[in-house]
Structure formats: C-alpha cells, structure tokens
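Under this note's numbering, the first residue of the sequence shown carries the number 195, and numbering increases by one thereafter.
Single-structure report; data block below.
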Amino acid sequence: MWFYLIAFYLLTHNVQAQFGDHKQYSSYVTVREGAHMFYWLFYTTANVSSYVERPVVVWLQGGPGGSSTGIGNFDILGPLDLSLQERNYTWVKNFNVVFVDNPVGTGFSYVDDPQYLTTTNDEIALDFVELMRGFYRNHPEFEGVPLYIYGQSYGGKMAVDMGIRMREAEEAGTIRSNLRGIAMGNAWISPVDATLTWGPILLAAGLVDQRGYENIQRSAREAERLFNEGHFFNSTAQWGLTQSQVFAATENVDFYNILTKMPSRFNFGNIHEFSRDMMIRDMEYNPQRDMSLETIMNTLVKPALGIPEHVVWQASSRIVFDTLRPDFMKPVTEGIEKLLNETDIIVTKYNGNLDLICSTPENDAFGDVKYNAAFTRIRDVGDIFWWFFPSSEVDKPILLLLGGIVGFPHSFLLNFGGLGPLDLNLNARNNSLVEDFHLLFVDALPGTGFSRQDDAFKVSNTSDETVDHLMYTLQSFYEANTKYEDAPLYIMEQGDGSLLAIPLTIRLANDTRFSENIKGLFLGNAIISPALALTKLGFYLEELGYIDGLGREAIENFSNTTSHLVSRNLFDEAFDQFASLGEFVNEEAGAIAVNLAYIVQKITRNSTGWY
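In structure tokens:
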C-alpha cells in the first residue's frame, strides 16, 4: 500500500498552491524515468453553470525550448499580463487553458539528467500523451470535454505529431480524451521551404538590395543542400548562418515584424542561431516594467506554486534546442496530410503576413492541395495578394487570373467558385484547371479581396498604373518561386478583366524579363468596348421578348448618352452611367428581373436596388 502511494506521488506530484486570484491548478507529471513535465491549468471564467461546458485548450510555446507557462501565459493570452494586471482579452474568458512547459527541460519542466531530453518530434509527442494521461487522472471531469491543441511556431510543428499520437491512444483506449482539433500559428511546418522565402520576401518589401538578397539565398540554398543530403545537424547550423546574412543585409530586421528592427540591446554577437522563442531571452525586458519575466517566474511564481528549489526558470532553454538540432529542419507536412486524410481532427493554420522566420509564403501541403500565398508590397499604395496553386508537374504552364477593374476578388470567386482545386464546400474539384496548369490568382486592385490599400480614398486611376503594380507583383512572384521562372505563362480573363489583361499582356511581351514566358491570352465574355456593346443590347432583349419596342428605344437612348460621354472624355460619368445599366433595364426599359450576366435566369432579390 505504501509503495503504491509513493509511486503515484512520483508519477504526478501536484502543486497545491496558486499565483493570483484566478481558479487554477498546477502539477508535475513524470512522463518517463527522469523526465518531469509541468502544466498549469486556468479554469474558464465564462458565464456557464460548470467549467466543463467549455473546451480545454492546450497552449504550446515554440523554440523548441520556449516556456508556455511564462511566455504564453503572461506575454500572450493568460489571465495576467507582464505587469501582473488583468488581461481583458485573455482566452480564459472563453476556455479552460492549460499551459505546458514542453519539451521536458523547458521552463519549470526538468530532467534528472540531460540523457532524458527528447531528440525527435515523435518523442515529444509521446511525452505529451503521457502528460495528458496524468492530466486526466488529476481532472477526470474533463475526459469528455472537447480538447484543442494550439501551438505557436515550433509549437505548431510539435502539435502535428501530438495530434497523431493522441488519436492513436484514443483509438487504443489508453487515454480518455476527446481531441477535436489542432491549430498552428506561424508554424515551423516546412523549415527548408520557409528559409528559402526569406530573401524573396525581404527583396519584395524593399528591405534588401540585390547583393543582400543573393547572399541570403546562397546561404539558404546551402541549408537546403545539406538537408537533402541527410546532414540534418549541419543544415540547422547553416540555417543559423542564414539568419546572420539576414541581419547583416537588413541591419537587424525584426524576424517577427519586418517593418521594425530588433531592439538595440538585442545582441547575439557574430553568429545568429535562434528560433522565435529563443529570442525572447534578450527581448523580454521592458524598462517601463519593474521586473523581467524571468524575475516574475523565479521570485514570485516559483515559490507560490511550490516548484522544486533546484529548478530555475528560463524563457528559453538552449540545451533543449541543441538536443533537437538534428530534428529541427525536418518538415511535418506528411503528418498534416495524415491528420487530414485519416482522421476527423480539425486542422487549422494561421499566419501573420509580416512574420519572416515562419513566413506566410512558405509552401505548405494540406492533404493533396499545395499552395503558396503572399503579399507584394507596392510602396505608398498597398499590398497585392496572390495565391499560387502548383500543378503536380513542374513543367506545366502558369495560368494567371486577375480580378477585373471593378475589383472582384479572383482569389475567392474564380478560385473556389469555378477553377481552383477546391470548391465552395472545400471539397476537391474533379475538373480543376490545376490538373493542366499552375494556377496563379491575383486580387489585382488594392482594396479588393485580400489585397489592401494604404489610403481608402486613393485608388489607381488608370489601367497603366494598375499594370505597373501587376508587373512588380509578377516579378516578386518569380523571385519567391524560382523553379517556375521559365514556365510558359498564359493569362485568362473574363468580363471587364480584359481591360487589365490586354495591356498587361502587351507589357509582358515587350519586357525582356518576361517576353519569353508570355505565350497567350484567353478572353471570355470580354468587355472590350463597353459603349459599343450597349448599342446591341436593346435589339437583343427585344428579340428575346424581354422588352417591347419602347423598351428598346429607351435602351438605345441610354447607349447614346453613354457613347456621348465617352466621346467627350467624361469617363467617370460614363462609368457611372454604365454601372446603372442593370437597374435601368429592369426599371425603366420594362424588363422584369433580367440577369444581364446570365440572360436565361432571373434575379431573385427582394430589391431592384441589387440589379
């Protein structure tokens, strides 16, 4: 009996204390011999009859070696901020949040000897499953509650294998959990691909010159070569040297917000080799606060929670990082495919577009759909969004699809609505053009779709100006996707999009950088001469029986007015006139709910103001 009690204490020794006023629970779980992992649970403050009515969210910091109980808790989403004041947007308001110092050796987690540190992502995942077994022993009321695992940066990489191992344990009946989903924020999913995007992103943003770009890319390609040859440890070292090239070329750009610089006190010497949360060590101090995070954790939190005296909290553990060096550059794309294709676990990925270290344009594989998305910065104008879906074969041609001059977002409409690999229900489309082309969707005008404009009242006034922006966008696309720089290029447009596609095609054909690429232009239902097209509309609608002779005459007068405005170069007025065509046809010319975009179908809206 005594042996059982002692063994159970060693397996999960609970810390019966708390820090602050929020309802909480903290505990160690011995996940293996010599490996002790720490978690800190904060019960939700949501207005519910019982906290088990809300899901459990596990938060994992990155690094590897970044402390969730410190950084994730006080710096990001816990109930108290770094000044130990109440955080008004804490996740605890909606969820039961569990901060885990993971892998072992991170934060308050510790090992009895360095030999017990983890060396692979799978080992980290197995330790996590054992931690959660201990968690459910301590909190059996949560066994049926939906569980979500959120990981930032390297935490996102860890979450993938954790999701796989947790589901395996659930199916084997060795854990009573209810895992519903994993989420990856700015995640380290495909490290080599991410590193190869640094140079193109910085060049497109105007933060490096050509020489700096070439130095960064040369170093990144060396990291890729070492990885492909199986020299994983050396590839990680070369990744660190690539960071040095970035700092040298940009004068210490902030890897997490490329619009800013690293603090002046942030200094690693000549060699830089730090992931996201490794950098917290020198960045956590704020002169406006009385204490650093390290002081808070070691002098206030540690005694309050009854942490063993020999454990010293650090924002990031160098020894944890070093032990995982051989695994650091390995991707988890296959794991994501497994989760998507073989489980019902919800997989979510989100990214900040100003992040460099785990960049948005990093090539990701979700199931069978691969894509590359990014923004191209147009100085003093805004950011143009492009979304690239590569075909299965590299030597396929590229098909460029642009939004029209009235700003319809092709990244959504033509992508999910007709031609992309997924339909509106996010199911695979059987007849997608991605089978025959690399598809490049561009929200051509800042302010439409995902593209953004700096000034809502300042828009491109001419197609020439828009074409200039598109030429620069294409240049940045090729710089980020060098393997496709020799691929044949075709442009496909419909409706008013032809007013951009035609001048862009001419410009490409006359530019030595692209003249060998551009091969053709497809125009569907193109608006080439709007005023001329109007002269035939009244006759056409009368022949179909939608209007009578009086209606035809009304439309002809409408057409003559539009042509007159064009002849006097009153293009703004002519555009306003043309834009009111649908309303005019259905309210003035006698038609009834005619859909001018699809003549055999009626418009089914309650108000004629929507024509």
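Note that the Cβ used here is the ideal one computed from N, Cα and C, for glycine as well.
Nothing here was measured: the structure is a model prediction, and the numbers come from that model.
The three-state secondary structure of Gly-266, taken from DSSP, is helix. By the neighbour-count criterion, in which 16 or more other beta carbons inside 10 Å mark a residue as buried, Tyr-734 falls on the exposed side. Boundaries of the alpha helix (DSSP H) harbouring Lys-532: 527–536, taken from the DSSP string.
Residue burial is scored here from C-beta neighbours: Val-223 has at least 16 other C-beta atoms within 10 angstroms and is therefore classed as buried. Rounded to whole angstroms, the gap between the alpha carbons of Leu-639 and Phe-583 is 20 angstroms.
If you draw a straight line from the Cα of Phe-631 to the Cα of Ala-399, it comes to about 28 angstroms.
The DSSP assignment places no complete run of the alpha helix (DSSP H) inside the segment 602–672 (cut-off: 4 residues). Under the DSSP assignment, Ile-376 falls outside any alpha helix (DSSP H), being part of the beta strand (DSSP E) whose first and last residues are 373–379. For Gln-279, the secondary structure class from DSSP, reduced to helix, strand or coil, is coil. Put simply, the segment 319–329 does not touch the segment 265–285. Fewer than three CB pairs are less than 8 angstroms apart. Here His-230 is buried: its Cβ has 16 or more other Cβ atoms, across all protein chains shown, within 10 Å. The beta carbon of Asp-648 sits closer than 6 angstroms to those of Gly-576, all from its chain and outside the five residues before and after it, given in chain order.
Per the Cβ contact rule, the segment 740–751 is not in contact with the segment 698–714 (fewer than 3 Cβ pairs under 8 angstroms). Ile-383 is a Cβ neighbour of Pro-525, given a cutoff of 8 angstroms. Taking 8 angstroms as the upper bound for CB-CB distance, Phe-302 and Trp-507 are in contact here, some 6 angstroms apart.
By the CB criterion at 8 angstroms, Thr-389 and Thr-313 fall outside the cutoff. Below 8 angstroms, enough C-beta pairs join the segment 406–419 and the segment 437–444 to call them touching: three or more. Between the segment 663–671 and the segment 610–626 there are fewer than three inter-stretch CB-CB distances shorter than 8 angstroms, so the stretches are not counted as touching.
Counted as a single uninterrupted DSSP element, the alpha helix (DSSP H) harbouring Met-360 occupies residues 348–366. For the 8 angstroms CB-CB criterion, Ser-761 and Thr-729 do not form a contact. The secondary-structure analysis by DSSP pairs Gly-260 across a beta bridge with Ser-510. Annotation: the continuous alpha helix (DSSP H) that includes Thr-756 extends over 743–761. Under the three-pair Cβ rule at 8 angstroms, the segment 343–356 counts as touching the segment 370–382. When the Cα atoms are used, Asp-316 and Ala-431 turn out to be separated by approximately 22 angstroms.
Between Ile-376 and Gly-357, the CB-CB gap stays under 8 angstroms.
In the three-state reduction of the DSSP assignment, Gly-718 falls in the strand class, which pools E and B.
One thing to note: Leu-759 has its Cβ within 8 angstroms of the Cβ of Gln-771.
Note that the C-beta distance between Glu-687 and Leu-596 is below 8 angstroms.
In the three-state reduction of the DSSP assignment, Arg-248 falls in the coil class. DSSP lists Val-447 as the bridge partner or partners of Lys-455. Between Ser-371 and Met-378, the CB-CB gap reaches or exceeds 8 angstroms. The three-state reading of DSSP puts Thr-729 in helix, counting H, G and I together. Here DSSP, grouped into helix, strand and coil, assigns Asp-577 to strand.
Excluding sequence positions up to five before and after Ser-645, its CB lies within less than 7 angstroms of the CB of Gly-576, Asp-577, Ile-578, Phe-579, Asp-637 and Leu-639, all in the same chain and listed in chain order.
Residue nearest to Leu-618 within the set Phe-606, Leu-494 and Asn-625 is Phe-606 (criterion: CA-CA distance). DSSP, read as helix, strand or coil, puts Ser-221 in strand.
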